[in-house]
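These notes concern the structure reproduced below.
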Amino acid sequence: GNSVTQMEGPVTLSEEAFLTINCTYTATGYPSLFWYVQYPGEGLQLLLKATKADDKGSNKGFEATYRKETTSFHLEKGSVQVSDSAVYFCALSGMDSNYQLIWGAGTKLIIKP
Amino acid sequence: GAVVSQHPSWVICKSGTSVKIECRSLDFQATTMFWYRQFPKQSLMLMATSNEGSKATYEQGVEKDKFLINHASLTLSTLTVTSAHPEDSSFYICSARMGNRQPQHFGDGTRLSIL
Chain R
48 GNSVTQMEGP
58 VTLSEEAFLT
68 INCTYTATGY
78 PSLFWYVQYP
88 GEGLQLLLKA
98 TKADDKGSNK
108 GFEATYRKET
118 TSFHLEKGSV
128 QVSDSAVYFC
138 ALSGMDSNYQ
148 LIWGAGTKLI
158 IKP
Chain E
-1 GAVVSQHPSW
9 VICKSGTSVK
19 IECRSLDFQA
29 TTMFWYRQFP
39 KQSLMLMATS
49 NEGSKATYEQ
59 GVEKDKFLIN
69 HASLTLSTLT
79 VTSAHPEDSS
89 FYICSARMGN
99 RQPQHFGDGT
109 RLSIL
């Protein structure tokens, strides 16, 4: 079945560092891929998405490219800020799972000033 | 755009009472709404999927008589936790989407504490 694997956290970085959070998936066909962010005590916000191979999703300085050849959707940001501290979830949605979201375990990101 | 409002954000109540949580899509029509439960430091666990005008589809292990879901319109779904007990204490989150290939948009969650 479909599944999502993302790197374990917590990931701790200094402000202005480069961020990569790895995400790989298993699915048949062409799922849509998402990154969601959850700030402490809040619900989830859609950060970015990509719906087909080679698409690049971007928002608030974050980027992720849908790589079908490596079944990956890694999240990157060139220069992180303290306010980026949150939990980041990678997810996919496809016909196989009746378009429900299949979630990664989440990666906690801690940015130190 | 794509705002989902969830209410209340925090509930504390006595064991045995029933609690209703509302989920509204404010600026779009949601053909499907989802209810999740999240335990501390864990990912979301899907409880049920709700399509407007039809019965909700519950995930395995979720008691449908315990967690009543009503999706009466394209902008409103409710989750009622009946006869709540301390083990029902959790963070409940709803989401809504316009169509199968559209992203889910989430409410801010409801923290339920049963004493």
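Note that the protein sequences, when read in sequence, are chains R and E.
Once you know that position 43 of the first sequence is 90 in my numbering, the rest is easy, because the numbers rise by one and skip nothing.
Once you know that position 17 of the second sequence is 15 in my numbering, the rest is easy, because the numbers rise by one and skip nothing.
Ideal placement from N, C-alpha and C gives every residue a C-beta, glycine not left out.
This one's a predicted model, so the numbers in the text were calculated from it and none came from an experiment.
Please check if any C-beta of chain R sits within less than 8 Å of the C-beta of residue i.
| i | result |
| --- | --- |
| E/S41 | yes |
| E/I91 | yes |
| E/Q4 | yes |
| E/L77 | no |
| E/T47 | yes |
| E/L24 | no |
| E/L72 | no |
| E/L113 | no |
| E/L44 | yes |
Cα separation between residue i and residue j?
| i | j | result |
| --- | --- | --- |
| R/K99 | R/K124 | 21 Å |
| R/K159 | R/V129 | 6 Å |
| R/E62 | R/I157 | 10 Å |
| R/Y72 | R/G108 | 23 Å |
| R/S79 | R/A97 | 6 Å |
| E/L110 | R/L91 | 17 Å |
| R/S119 | E/P101 | 18 Å |
Report yes or no: is there a C-beta of chain E within less than 8 Å of the C-beta of residue i?
| i | result |
| --- | --- |
| R/G76 | no |
| R/F65 | no |
| R/S119 | no |
| R/S79 | yes |
Within 10 angstroms of the Cβ of residue i, are there 16 or more other Cβ atoms? Answer buried if so, exposed if not.
| i | result |
| --- | --- |
| E/V79 | buried |
| R/D131 | buried |
Any C-beta of chain E within less than 9 Å: which residues of the region 90 to 106 of chain R qualify? For the region 90 to 106 of chain R, which is checked against every Cβ of chain E, the residues closer than 9 Å are G90, L91, Q92, L93, K96, T98.
Interface positions of the region 129 to 155 of chain R facing chain E (Cβ-Cβ less than 9 Å), listed along the chain: V134, F136, A138, S140, M142, N145, Y146, Q147, L148, W150, G151, A152, G153, K155
For the region 86 to 110 of chain E, enumerate the residues whose C-beta is nearer than 7 Å to any C-beta of chain R, in chain order. I91, N98, R99, P101, Q102, H103, F104, G105, D106, G107
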